[in-house]
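**Q** I'd like to ask some things about the structure below.
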Amino acid sequence: MSDNVRVVFIDNPPVNGLGAAVRTYLMNELERALADEKVEAIVLSGKGKMFSAGADIREFGKEPSFGTPSLPDLIDAIERSKKPVVAAIHGVAAGGGLELALGCHARIATPDARLGLPEVTLGIIPGAGGTQRLPRLIGIKESLGLITEGKLIPAPKAHALGFVDEIASGDLMSAATALASRATLRRTSELPVADDPSAVAEARKAAAKSRGFEAPLAAIEAIQAAATLPKDQGFRKEREIFLKLVSSDQSKALRHVFFAERESAKIPDVPPETKTKDVASAGVIGCGTMGGGIAMCFANAGIPVVVVEGDASALERGLERIRGLYESSMSRGRISKDDFDKRMSLLSGTTDFSRVSQADIVVEAVFEEMLVKKNVFEKLDSICKEGAILATNTSSLDVNEIALSTSRPSSVIGTHFFSPANVMKLLECVRGTETSKETIASVFQLAKKLDKVAVLVGVGDGFVGNRMLYAYRRQADFLLEDGALPHEVDQAVVDFGLPMGPYAMADLAGLDIGWAVRKRQEATRPKHLRYSTIPDRICELGRFGQKTGAGFYRYEKGSRTPIPDPEIAALVEGVSRELGIERRSFTKEEIVERCVYALINEGARVLEEGIALRASDIDLVWIHGYGFPRYRGGPMFYADTVGVKKVYDAVSRFHVEQGEWMRPAPLLERLAREGGAFQG
Ligand code: T1G
Ligand code: NAD
């Protein structure tokens, strides 16, 4: 290394967050290097795993976060430096970390480094010049894509776009030092940038699709300012927007989710050092809707998987469906031909159970019937190798009872995937009484490989997600009886931010399965509790949802667009009449209150019964399993945002109006009384 190049390290494990102490250190080091006559150029690099993940998110909203020197001050000082500063990037340069690098006079990165400005995913925009400097290097159009999506991209792509100057093929530090010795004082903020109104209009249209989410639109405004305002005003505009968003409810919610996603893998009695089994091969029993999707999850992660079906024709149909799904991903450009070939080659099907005998994990996804499941587990117990994980995808049955049909209940666990399993991120991991810590830790490790968000839940009807879904759906049905129509309920929920309302979702999933369950339970249903017959009556008409062209809505042939149906309106109104209910209209706010507060109330019960470990896990279940808007933080965080007392008062009112179903959960009542919140 050259003697006259000074290397300065960012050193703040685990991610080199740019907290106040780090900024002060870097400013002092810069000044020392500038004052030292022997130093001709400076290399800025990160100690440990990465360059820097940006601002320390834990400091947001606390004083030192914006204390001196602020990140923009530090970056300005670097850019104004009279000696060239080169950023040497490995691992990750994200958010403020990348902004710091953009203020340097050149950037060099290792080929496997990832770079990006993910601030919008935290409900904010880059606040240290990112929206002003990036467009000056790669233009408005590319900046819009990168900043509004918030994704990290590989260094070679950043190089092709033009914000990384060099990819280090060998040792990063020596290449960076060499680059520093010949670097010029190219100041990013002094480069010209041209406006691109059509790209801006396009980006606005795309951002409007994420209904109600503020940050992407705010980012677009800041990016365009880089081209339309004088330099200083552009930077000021960015900072103003940033400071406003940092204290917004949406940003608080998104930060909550960021930490919740990292917290969920921490299980109090399963320490990080718990032994895990590496899953290198898998079996899936049943190649229906779920089994097929689960098999795809393994193949997508590069894990060979064998699917076992009861009969040959079901197997053929199942494998064809998988092939069809992969082909459609390929035709839409989501996967390459190589990916397709690789994934298909990892997948095989059979009717011979013994083919899974050596698998590290077997996931059962056969019909939802206890006897069928028990038979499958007995068989697995007799053939699977010692130490294999035996998992069930049951959505409602007792995992303990299933486990007891084997001689090794400690290896049995529920892995509740959500439909479509190859798309939905959530994995409810159901802990049985006997499930070993090693089994739990191994499944959590596997979940990461499968790119799933794993949440530990306890045994109980519907676990966390579906149990809360029942409460939500019940409220929606009562709203129909009280005066609303399906499309009104759906629209209110969609405007709130969910991708679909309860009725469009029910039509998509199919109404017949729930109907069959209700018929089975009819004899034992507690008759003193309010019960809506609307869903049953719709099924009696042979309307099972999209698959029959009609359900709560009607569907044109070949279309999936729900169309409100006067026949259903008449049916719903008839039910109200029979019940002697005088129908009234509901505002969207009232509809959302009734549905979402029902979720919260049931969530509180789930929490106090210990079915979920923490409120933030419940939030993840609803965000990743049902599309609850991430920017609202999940139902329990939303309760805190609204105020637990306000939720409690409304639930108490619903209790009086509607009876037992809406009795406030004791935890909700206690928190309201104590002025508490779900997030401690
Ligand atoms: N601040 C504080 N803690 C952070 C952090 C951050 N920026 N990033 C990660 N952590 C913690 C995380 O909670 C976990 O803690 C541990 O570090 C390891 O993280 C002005 C204002 C870099 C891709 O959005 O995307 O700059 O659980 O498990 O899988 O414009 O961390 O161990 O206690 O995620 O190797 C913008 C966020 C900030 C990047 C690494 N930056 N981080 O993934 O590790 S805003 C981001 C990530 C900003 C400026 C603005 C990922 C990663 P614990 P991990 P990983
Ligand atoms: P499905 O009817 O689409 O598929 C079940 C498959 O299992 C069929 O292909 C059937 O031929 C096969 N099968 C039945 N008995 C078998 C046996 N003894 N050996 C081998 N194969 C057998 O059902 P699905 O929707 O995929 O549901 C499967 C499981 O996943 C159920 O436990 C269900 O509760 C659960 N689940 C379903 C969803 C969903 O949305 N569909 C979501 C989460 C969990």
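Its first residue numbered 765, the sequence shown is counted upward by one per residue in the working numbering. Idealized CB from N, CA, C, for every residue including glycine. All values reported here derive from a predicted model rather than from experimental measurement.
Using 8 angstroms as the cut-off, can you tell me whether the segment 917–925 makes contact with the segment 1049–1065, which would need three or more C-beta pairs spanning the two stretches below that distance?
**A** The answer is no - the segment 1049–1065 does not touch the segment 917–925, with fewer than three Cβ pairs under 8 angstroms.
**Q** Pick helix, strand or coil for Pro1032, following the three-state DSSP scheme.
**A** Looking at Pro1032 - three-state DSSP - the assignment turns out to be coil, as it is neither helix nor strand.
**Q** Could you have a look at His1180 and say whether DSSP puts it in helix, strand or coil?
**A** Looking at His1180 - three-state DSSP - the assignment turns out to be strand.
**Q** My assumption, with CB atoms under 8 angstroms, is that Gly1047 sits in contact with Val1069. Please give the rounded CB distance.
**A** Between Val1069 and Gly1047 the Cβ distance is about 7 angstroms, and since that is below 8 angstroms, they are a contact.
**Q** My guess is that Ser953 and Gln896 are in contact by the Cβ rule of under 8 angstroms, so how many angstroms apart are they, rounded?
**A** At roughly 6 angstroms, the Cβ-Cβ gap stays under 8 angstroms, so Ser953 and Gln896 are in contact.
**Q** Sorry if obvious, but does the Cβ on Ile872 come closer than 7 angstroms to a heavy atom of ligand 1?
**A** No.
**Q** Could you check whether the Cβ of His1419 sits closer than 7 angstroms to any heavy atom belonging to ligand 2?
**A** No, ligand 2 has no heavy atom inside 7 angstroms of this Cβ.
**Q** So if I measure from each beta-carbon to every heavy atom of ligand 2 and keep distances below 7 angstroms, which residues remain?
**A** Counting every residue whose Cβ lies closer than 7 angstroms to a heavy atom of ligand 2, we get Ile1049, Gly1050, Cys1051, Gly1052, Thr1053, Met1054, Gly1055, Val1072, Glu1073, Gly1074, Asp1075, Ala1078, Gly1082, Ala1129, Val1130, Phe1131, Glu1132, Val1136, Asn1139, Val1140, Asn1157, Thr1158, Ser1159, Ser1160, His1180, Phe1181, Phe1182, Ser1183, Ala1273.
**Q** For Val884 and Ile1147, what's the separation of their Cα atoms in angstroms?
**A** The straight-line gap from Cα to Cα measures roughly 50 angstroms.
**Q** List, from N- to C-terminal side, the alpha helix (DSSP H) runs of 4 residues or more that fit wholly inside the segment 950–1025.
**A** Segments of the alpha helix (DSSP H) lying fully in the segment 950–1025: 961–972, 979–992, 995–1010.
**Q** Find the nearest neighbour of Ile911 within the set Asp876, Arg968, Ser1380, Ala1429, judged by alpha-carbon distance.
**A** Taking only the C-alpha atoms, the option nearest Ile911 is Arg968.
**Q** Here's the rule: buried if 16 or more other CB atoms are within 10 angstroms of the residue's CB, otherwise exposed. What is Pro828?
**A** With a pLDDT of 49 at Pro828, under the threshold of 50, the modelled position of this residue cannot be trusted; read the value that follows with caution. Burial call: exposed.
**Q** Which residues does DSSP pair with Phe773 in a beta bridge?
**A** Beta-bridge pairing links Phe773 to Ser809.
**Q** Opposite Thr1114 in the DSSP bridges: which residues?
**A** Thr1114 is bridged to Val1072.
**Q** So Ile853 and Leu794 are in contact, right, with Cβ under 8 angstroms, and what is the actual spacing, rounded?
**A** At roughly 18 angstroms, the Cβ-Cβ gap does not stay under 8 angstroms, so Ile853 and Leu794 are not in contact.
**Q** Could you please give me the residues that DSSP links to Leu879 through a beta bridge?
**A** Partner(s): Ala857, Ile917.
**Q** Using 8 angstroms as the Cβ pair cut-off and three pairs as the minimum, do the segment 1141–1161 and the segment 1179–1194 touch?
**A** The segment 1141–1161 is in contact with the segment 1179–1194.
**Q** Tell me which residue opens and which closes the alpha helix (DSSP H) that Val1336 is part of.
**A** That run of the alpha helix (DSSP H) goes 1330–1343.
**Q** What are the partner residues of Leu1377, as DSSP defines its beta bridges?
**A** DSSP lists no partner for Leu1377.
**Q** Using a Cβ distance threshold of 8 angstroms, determine whether the segment 959–974 contacts the segment 861–877, with at least three qualifying pairs required.
**A** No, because fewer than three Cβ pairs between the segment 959–974 and the segment 861–877 fall closer than 8 angstroms, the two stretches do not touch.
**Q** Looking at the structure shown, is Cys868 part of a helix, part of a strand, or coil, going by DSSP?
**A** In the structure shown, Cys868 sits in coil (DSSP, three-state: anything other than H, G, I, E or B).
**Q** Suppose you measure from the CA of Gly934 to the CA of Leu808; what does that come to, to the nearest Å?
**A** Approximately 18 angstroms, taken between the alpha carbons.
**Q** Within this structure, are the beta carbons of Ile902 and Gly880 separated by less than 8 angstroms?
**A** Contact flag unset, no.
**Q** How many angstroms separate the CA atom of Ala944 from the CA atom of Leu866?
**A** In a straight line, the C-alpha of Ala944 is about 15 angstroms away from that of Leu866.
**Q** In the DSSP output, which residue or residues are listed as bridge partners for Ile889?
**A** Beta-bridge pairing links Ile889 to no other residue.
**Q** Could you tell me the alpha carbon to alpha carbon distance between Ile987 and Pro899, rounded to whole angstroms?
**A** Computed Cα separation, rounded: 7 angstroms.
**Q** Assign Ile1067 to one of two classes, buried (16 or more other C-beta atoms within 10 Å of its C-beta) or exposed (fewer than that).
**A** When all chains shown are included, Ile1067 counts as buried.
**Q** Measuring alpha carbon to alpha carbon, tell me which of Ala1379, Lys1283, Pro1393, Ser907 ends up nearest Glu966.
**A** Selected option, being the one with the closest Cα: Ser907.
**Q** Using the beta-carbon count (16 or more within 10 Å), is Ile1086 buried or exposed?
**A** Buried.
**Q** From Gln1310 to Arg1348, what distance separates their C-alpha atoms?
**A** C-alpha separation (whole angstroms): 29 angstroms.
**Q** Hey, could you find the ends of the beta strand (DSSP E) Leu1220 is sitting in?
**A** 1217–1222 is the span of the beta strand (DSSP E), which, as asked, contains Leu1220.
**Q** Tell me whether the segment 1323–1339 and the segment 1234–1254 touch, counting them as touching only if at least three CB pairs, one residue from each stretch, are closer than 8 angstroms.
**A** Because the criterion of three Cβ pairs below 8 angstroms is met, the segment 1323–1339 and the segment 1234–1254 touch.
**Q** As a quick exercise: from Ala1059, Ala1268, Lys1039, Thr1325, pick the residue whose alpha carbon is nearest that of Ala1129.
**A** The option with the nearest alpha carbon to Ala1129 is Ala1059.
**Q** By how many angstroms is the C-alpha of Arg1172 removed from the C-alpha of Val1140?
**A** Spanning the two alpha carbons is a distance of roughly 14 angstroms.
**Q** Quick one: does the C-beta of Ile888 sit closer than 7 angstroms to a heavy atom of ligand 1?
**A** Yes; taking the cut-off as 7 angstroms, the Cβ of Ile888 has a heavy atom of ligand 1 nearer than that.
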